[in-house]
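Everything below concerns the one structure shown next.
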Amino acid sequence: VGDEMATGGGRAAEVLRRVFGYEAFRGEQQAIVDHVVGGGDALVLMPTGGGKSLCYQIPALVRDGVGVVISPLIALMQDQVDALRALGVRAGFLNSTQDLDERRLVEAEFTAGELDLLYLAPERLRSESTLRLLDGGKVSLFAIDEAHCVAQWGHDFRRDYLELSLLHQRWPDVPRIALTATATDATRREIATRLELTGARHFVASFDRPNIQYRITAKNDPKRQLLDLLRTEHPGDAGIVYCLSRASVEKTAEYLAGKGVEALPYHAGLDARTRAEHQSRFLREDGLVMVATIAFGMGIDKPDVRFVAHLDLPKSVEGYYQETGRAGRDGLPATAWLAYGYQDVVQQRRMIDTSEGDDAHRRRLAAHLDAMLALCETVRCRRVQLLDYFGQSSTPCGNCDTCLTPPESWDGTVAAQKLLSTVWRLKRERNDEFGVGHVVDILLGRKTAKVIQKDHDTLKVFGVGDDLTEAEWRSVARQLLAQRLLAVKGEYGVLTLTEAGDEVLFRGRQVPLRRDPQRAAKAAKAERT
Ligand code: ADP
Ligand code: ZN
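For the sequence shown, the residue numbers in the UniProt record's numbering are 3 to 531.
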């Protein structure tokens, strides 16, 4: 393809039309392509489905030499290369799935200048022979795809990505373009620093996905809630259901299958063949539901995913945004639905407490979780909150759950004081600590076996909380946890006070809370009757 290219400023536009069959560039593509064709470094932040690939594929075709693409998505390389070849682009890849003969063939094509694009797994660059191979040919540019894999806090972190700064050191004159769908300032800075992209121009596309409806709901019977969503709003639609653990992936997939929903499991514990088969069925068949851990999805380009459901809380807003971004790439309406509850906060905090790494690392993880919790507990428009996190301002969307059913906020100070003082008294008067279930039993004045046995019905706080229901107390506990007014610790998730909690208990600090919409409905009903 490279040879037949006309010269002059319109070459990129011509490649776009002739090779890819598209009439016009989208959004920032033109500016990015021009910049990289001209030899500049670029850092591209564009949402999933925004069209990042053309940003390096076209410069690779226009510039002299072979464009080298670093990608962690080994499982997709064959597909990507096949798709390019079908367009007449001379593409190849090198990764661990190939045998020696296949590798030799690609290496020979590279050296002979018979490739336009070469896809490389990042670990290839650890081998001196790959570096020498690149020295022996002409590289037109380096594209670093999924560049957020260099960010150390993230769930996509790949150690091999840290080594990619060597590209600049070894080939200072070859332009580099790093691309990601992850967009906070912090991640952007981390990518620029770690990849030594200090002089790169940054291109930041809008992160709004107007066709996605964001909804975050209180979790009570998650599988049932999911099934209701699928039956009432998405019968026969393709979608992705994310779960935290392999076990819950298996259970949820079985549950859905048992209810007549065509669902397949996907997680890193399945063998490679099963994973590949499920992935390709999901891509090729209509209306399949993939139940998966976050191991699934990066690089998957299926336009008609109608919903992404989370049965567990994502670890960060960035992860949530990326995962939900897989819905509705075709621009048609799609749903991002998340069920979230008390136990999610307990579980995530525990995972952070027991995670490897130093304190700074744990603090970063905790900050990411806090931002995710703030999104869950907000009374603002979800989209406004989400875009705000990515540094983009916007106005209420009118389409998310908080826009459609504005949650009330209420003064939860007294409720918080009751719950916190129960925890405080258990510690002070009985020198003991308990999980939320038992604390709520005490508040509600329930004479359970444990309450009787521990003599907790003689506590001064016994029964002081009978103005709220159990579900409401759990919502209070969840929000106190999210606001760090309460902490959990240990294997059993026992509740303890925090310094901020002391302020509520002893220094009159106010506690605004969000009323979960079901409760708002119930309260309204109670008022009517
Ligand atoms: P990303 O990597 O950002 O998730 P892709 O590069 O896979 O997105 O592009 C998403 C989809 O949009 C692909 O199907 C691609 O062919 C299409 N696309 C990209 N750029 C254009 C364009 N300028 N005109 C029409 N379609 C485009
Ligand atoms: Zn909204």
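Quick reminder that beta carbons are idealized off the backbone N, C-alpha and C, glycines included.
- Distance between PHE95 and LEU488, taken at the CA atoms: about 51 Å.
- Secondary structure in the region 12-88: the alpha helix (DSSP H) runs of 4 residues or longer, each lying completely within the stretch, are 13-20, 31-39, 55-64, 76-88 in chain order.
- Within the model, the alpha-carbon separation for GLY299 versus ARG385 is close to 22 Å.
- Pairing LEU75 with ARG105, the inter-Cα distance amounts to about 17 Å.
- Under the rule that a run must span 4 or more residues, the alpha helix (DSSP H) segments found entirely inside the region 461-515 read 472-484, 501-508.
- Residue pairing by DSSP puts GLN215 in a beta bridge opposite THR337.
- For VAL91, there is no enclosing beta strand (DSSP E), since its DSSP letter is neither H nor E.
- The residues PRO177, ARG203, in chain order, have a CB closer than 7 Å to that of GLY42 in the same chain once the five nearest residues on each side in sequence are set aside.
- In the three-state reduction of the DSSP assignment, MET300 falls in the coil class, being assigned neither a helical nor a strand state.
- Contact check for ARG382 and ALA336: beta-carbon distance about 21 Å, past the 8 Å limit, so the pair fails to qualify.
- Within the same chain, Cβ atoms closer than 8 Å to the Cβ of GLU165 are found at PRO124, LEU127, ARG128, the five residues on either side in sequence being excluded.
- A direct Cα-Cα distance of roughly 13 Å separates ALA297 from PRO316.
- Relative to the ligand ZN, the beta carbon of THR380 is positioned no closer than 7 Å to any heavy atom.
- When DSSP states are grouped into helix, strand and coil, ARG328 belongs to the coil group.
- Counted as a single uninterrupted DSSP element, the beta strand (DSSP E) harbouring ARG178 occupies residues 178-182.
- Nearest C-alpha to SER208 among GLY437, GLN31, ASP457, SER411: GLN31.
- Taking the Cα positions, HIS458 is about 7 Å away from ILE444.
- Take the alpha-carbon of ASN97 and the one of VAL91: they are about 19 Å apart.
- Of GLU198, ASP314, TYR58, the smallest CA-CA separation from SER142 is found for TYR58.
- Contact between VAL70 and LEU122 holds, since their C-beta atoms are separated by about 6 Å, short of 8 Å.
- Under DSSP, PRO398 forms no beta bridge with any residue.
- Following the DSSP letters along the chain, one finds SER411 inside the beta strand (DSSP E) bounded by residues 411-413.
- Note that the region 503-518 does not touch the region 363-375; fewer than 3 beta-carbon pairs, one per stretch, sit closer than 8 Å.
- ASP518 sits buried, since 16 or more C-beta atoms from the chains shown fall within 10 Å of its C-beta.
- Annotation for PHE309: no alpha helix (DSSP H) segment contains it, though the beta strand (DSSP E) segment containing it runs 309-312.
- According to the DSSP assignment, PHE159 belongs to no alpha helix (DSSP H), since it is labelled neither H nor E.
- Not one heavy atom of the ligand ADP is found less than 7 Å from the C-beta of ASP332.
- Put simply, the region 342-361 touches the region 213-232. At least three CB pairs are less than 8 Å apart.
- Boundaries of the alpha helix (DSSP H) harbouring PHE284: 274-286, taken from the DSSP string.
- By the Cβ-count criterion, ALA274 is exposed, with fewer than 16 other Cβ atoms from all chains shown falling within 10 Å of its own Cβ.
- Here PHE205 is bridged, per DSSP, to VAL46.
- Counting C-beta atoms within 10 angstroms of its own C-beta, TYR494 has fewer than 16 neighbours from the protein chains shown and is therefore classed as exposed.
- Secondary structure note for VAL438: it is in no beta strand (DSSP E), and the uninterrupted alpha helix (DSSP H) holding it is 438-446.
- Going by DSSP, ALA145 is part of the beta strand (DSSP E) stretching over 141-146.
- When beta bridges are read from the DSSP output, ILE193 appears opposite no residue.
- In the DSSP annotation of this structure, the continuous segment of the beta strand (DSSP E) that includes VAL243 starts and ends at 241-244.
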